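K.L.:
FYI, in the numbering used here the residues of the sequence shown are 45 to 742.
We put the CB at the ideal spot given by N, CA and C, even for glycine.
Model, not experiment: these values are computed from the prediction.
Pasting a structure below so you can have a look.
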Amino acid sequence: MNLNQPVTYIKGVSVARAELLYSELGIKTCNDLLHLFPFRYIDKTQFYTINQLQQNTSEVQIAGKITNVKTVKQKRGSRLVATFTDATGSMELVWFKGVKWIKDSLKLNVPYVIYGKLNWYSGKANMPHPELELVSEYKKKLQTAMQPVYPSTEKLSNKGISQKIMRSMLQNLLQQAYGNIEETFSVNFMQENQLLGKRESLLNIHFPKNQELLAKAEYRLKFEELFFIQLQLLMKKLINKAKIKGYVFEQVGENFNNFYNNHLPFDLTNAQKRVLKEIRKDVSTGAHMNRLLQGDVGSGKTIVALLTMLLAIDNGFQATIMAPTEILATQHYNGIAELLEGTDIKVELLTGSSKTKKRREIHKGLEDGSLHILVGTHAILEDKVQFKNLGIAIIDEQHRFGVAQRSKMWHKNELPPHVLVMTATPIPRTLAMSVYGDLDISVIDELPPGRKDIKTVHRYDSNRLAVFKFLKDEINKGRQVYVVYPLIQESEAMDYKDLMDGYESISREFPSPKYQISIVHGKMKPADKDYEMDRFVKGETQIMVATTVIEVGVNVPNASVMVIESAERFGLSQLHQLRGRVGRGAEQSYCILLSSYQLSSDGKTRLKTMVDTVDGFKIAEVDLKLRGPGNIMGTQQSGVLNLKIADVVKDSPILYKARQTAIQLLEDDPTMIKPENSSILKRYTKLQKTSGIWSSIS
Ligand code: ADP
Ligand code: MG
């Protein structure tokens, strides 16, 4: 049987059933059904003894006898409790329904086999509503295998496609199609990577002979899934490198050297040096650079960007750097202009609010090449903005820019400019490998020397007065503080009320004229927002009350305290970004997480993680575990979500192995032309035609 045929070719699958399978589970072909994997198994191959039971054994089968039965009165009705005993101990069986009928049917001191889920209560196991069978009956049936349990829906089971029917459909399918399942790997490859054959794997994932074979089948199928994703990403990278030409920045010249030797205000960290080397290597090859630069807040990405831009200028090109907001663009501009003071480099700022006269000047400078660096917002992407020869585009905080916008810039000149995307959102390695596997990634994993860790504490709302007192002390020392409120779209009205109430109570506690307070939130006009921001930046106000609009990039080194209200409502990466607003100066900085007493267990974990570490990558790992890959930035559109069996978080060791194997294969045989790779090539080609999910990423 051909696996591409519709499921109606399977014995026992009527047109009606086929339609249900399609509408409920999206299953059309035999192959689709073959890849509907069980999410758990009922294991009746194994017997447990009572003393073997552990908290993590969920469903178990035990042989023993019922030695006692009693009815226990409860608030409503009664429950039936039986004592079940084997040679090693005893436990309770419990029924809440059908008490009378069950009580009458139970036989004392006769061998039974029970099966069911365990409940744990103060360290002791009990089994509610067990499946119960006399050993004499049980022996008549032969239980040789573990039974699969498939993902299902209410409609499916209501319309008669029960687990039993599912099992029989799959059994028939495997019987009919077993010989048509094609092997994707060569014998050698499977031996080297210790992989079970494809047929055996599919058979055992559905009907495992035992735990060991199940584990092997799972490993093989996960490996295969991850391997082909990696192969696609790596091929894409190879093809892009070969296909998309880029400008060559051959020399390190006057501008770079002059700046490096005479204007660089500090020594670069080793991580910064390493990243610069990676970038220089990229731009010297003639291929197009598409590099992601990850570095925690304050790790010093700006200087790396600037040096890269100088490299472009030394080779006769212009450079641009884009930021997601006007405030950030302005800060970049000020910082870069200051660093470049005393050099011959010309730098300008272009934003939505640049005046017409200034715009004209900028347009002209860009076109005749006299303007070297353009800093700005989205305004840079307007059609009117034409560079003479843009060599590199640097994008700060990439997630704020759409992919389409990014590539639009490419069409302004002959070759696409090199692209360096900088992000302060650390992406866990596993995710980066699966989502951005076709990009080159650089990581600044070291903070400049002398930074003090931000002291982070968690306090409950009732401690607010003590917190205010602490803020006063800091302000009296000349510091500034942030107080941030959550703003979640669904509860916007209430959140604004919280913000305003908070603002009022802070105004009362910190009266003018001694204290000045800025407030910034999303409902304000941009001009008002900028005005308030500006007062805080200049030190005219000591307290900044805000929603998360200040999250990205704002730099006020004199601010030493970040108070986060209702911290339990923020996500981890947001908390981390917010905390990164302080600790930018020489002073000891603090982050105070305020929360109510009612915390979910995830909420507790988030706050504890923040208190325990300032390492953005560690925080990102916890975040990924808590939320799963589907909710992490940038992964929504990627195939990570479409994984059928593997899990990028739990199966990261397999992911590393699969990626390594794919890299080796392509190094050895970049076009997969060798005969032993023919089956891999075949599968790869087919995936290229059908999936296409990867084309949307970069
Ligand atoms: P981010 O990676 O968050 O964009 P920045 O580039 O804004 O970080 O750098 C944060 C601060 O650290 C800036 O004030 C910058 O001047 C300073 N800095 C960057 N690199 C170094 C270094 N190697 N040594 C000392 N200070 C540095
Ligand atoms: Mg920055």
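(1) Cα-Cα, which of His250, Gln632, Val607 is closest to glutamine 215?
(2) Only counting runs of 4 or more residues, tell me where the alpha helix (DSSP H) segments fall wholly within the region 382-421, in order along the chain.
(3) Answer yes or no: the CB of lysine 496 versus the heavy atoms of the ligand ADP, is any distance below 6 Å?
(4) Cα separation between proline 530 and valine 693?
(5) Below 6 Å CB to CB, which residues in the same chain sit around valine 341 once its five sequence neighbours on both sides are set aside?
(6) Does DSSP put arginine 495 in a helix, a strand or coil?
(7) Kindly indicate which three-state DSSP category histidine 332 falls into: helix, strand or coil?
(8) Is serine 343 close to the ligand ADP? I mean its beta-carbon at under 6 Å from any heavy atom of the ligand.
(9) Let me know the secondary structure DSSP gives proline 530 once reduced to three states.
(10) To the nearest angstrom, how far is the alpha carbon of lysine 688 from that of glutamate 269?
(11) Anyone know if the C-beta pair for serine 343 and leucine 491 falls short of 7 Å?
(12) Can you list, in chain order, the residues of its chain with a C-beta nearer than 8 Å to that of leucine 246? Leave out the 5 residues immediately preceding and following it.
(13) Do histidine 462 and glycine 627 come within 7 Å of each other at the CB atom, strictly closer than that value?
(14) Starting from arginine 123, trace the beta strand (DSSP E) in both directions and tell me its first and last residue.
(15) Using the beta-carbon count (16 or more within 10 Å), is lysine 726 buried or exposed?
(16) Over what stretch of residues does the alpha helix (DSSP H) that includes histidine 620 continue unbroken?
(17) Taking only heavy atoms of the ligand ADP into account, decide whether any of them is closer than 6 Å to the Cβ of isoleucine 347.
(18) Please confirm whether any heavy atom of the ligand ADP lies closer than 6 Å to the CB of proline 492.
(19) Below 6 Å, is the gap between the Cβ of threonine 352 and the nearest heavy atom of the ligand ADP?
(20) Taking C-beta to C-beta, are phenylalanine 293 and asparagine 359 nearer than 7 Å?
(21) Is the closest heavy atom of the ligand ADP to the C-beta of glycine 339 under 6 Å?
(22) Determine the extent of the alpha helix (DSSP H) in which serine 180 is found, giving its start and end residues.
(23) For glutamate 303, which of Lys730, Glu584, Leu384 has the nearest alpha-carbon?
(24) Which ranges would you report for the alpha helix (DSSP H) in the region 268-350 if only whole runs of at least 4 residues count?
(25) From what residue to what residue does the alpha helix (DSSP H) around threonine 73 run?
(26) Rounded to whole angstroms, what is the Cα-Cα separation between aspartate 16 and aspartate 148?
(27) Mapping the DSSP letters down to three states, classify leucine 434 as helix, strand or coil.
(28) Tell me the residue span of the alpha helix (DSSP H) that contains glycine 660.
(29) Would the beta-carbon of leucine 312 be found less than 6 Å away from any heavy atom of the ligand MN?
(30) Please confirm whether asparagine 224 has its beta-carbon closer than 7 Å to some beta-carbon of chain D.
(31) For leucine 47, which residues in the same chain have their Cβ closer than 8 Å to its Cβ, ignoring the five residues on either side in sequence?
(32) Taking C-alpha atoms, which residue in Gly133, Ala169, Ser67, Val154 lies nearest to valine 102?
(33) Pick out whichever of Ser562, Pro470, Thr591, Met716 has its Cα sitting closest to the Cα of isoleucine 666.
(34) Tell me, which residues are paired with threonine 500 by DSSP?
P.N.:
Quick look at the numbers:
(1) His250
(2) 400-412
(3) no
(4) 28 Å
(5) Ala468, Gly624
(6) coil
(7) coil
(8) yes
(9) coil
(10) 8 Å
(11) yes
(12) Leu78, Leu218, Ile225, Ala261, Leu265
(13) no
(14) 122-130
(15) exposed
(16) 616-623
(17) yes
(18) yes
(19) no
(20) yes
(21) yes
(22) 179-182
(23) Sequence check: residue 303 is phenylalanine here, not glutamate. Phenylalanine 303 has its Cα closest to that of Leu384, out of Lys730, Glu584, Leu384.
(24) 298-302, 314-326
(25) Counting along the chain, threonine 73 falls outside any alpha helix (DSSP H), and DSSP gives it neither H nor E.
(26) No answer is possible for residue 16: the residues shown for the chain start at 45 and end at 742.
(27) strand
(28) 660-671
(29) Summarising the ligand content, the structure contains the ligand ADP and the ligand MG and does not contain the ligand MN.
(30) Structure shown: chain D not included; a single protein chain is present.
(31) Thr73, Cys74, Asn75, Leu78, Ala221, Asn224, Ile225
(32) Valine is not the amino acid found at residue 102; the sequence shown has serine there. Ranking the options by Cα distance to serine 102, first place goes to Ala169.
(33) Here the sequence assigns valine to residue 666, which means isoleucine is not the residue at that position. Selected option, being the one with the closest Cα: Pro470.
(34) Cys635
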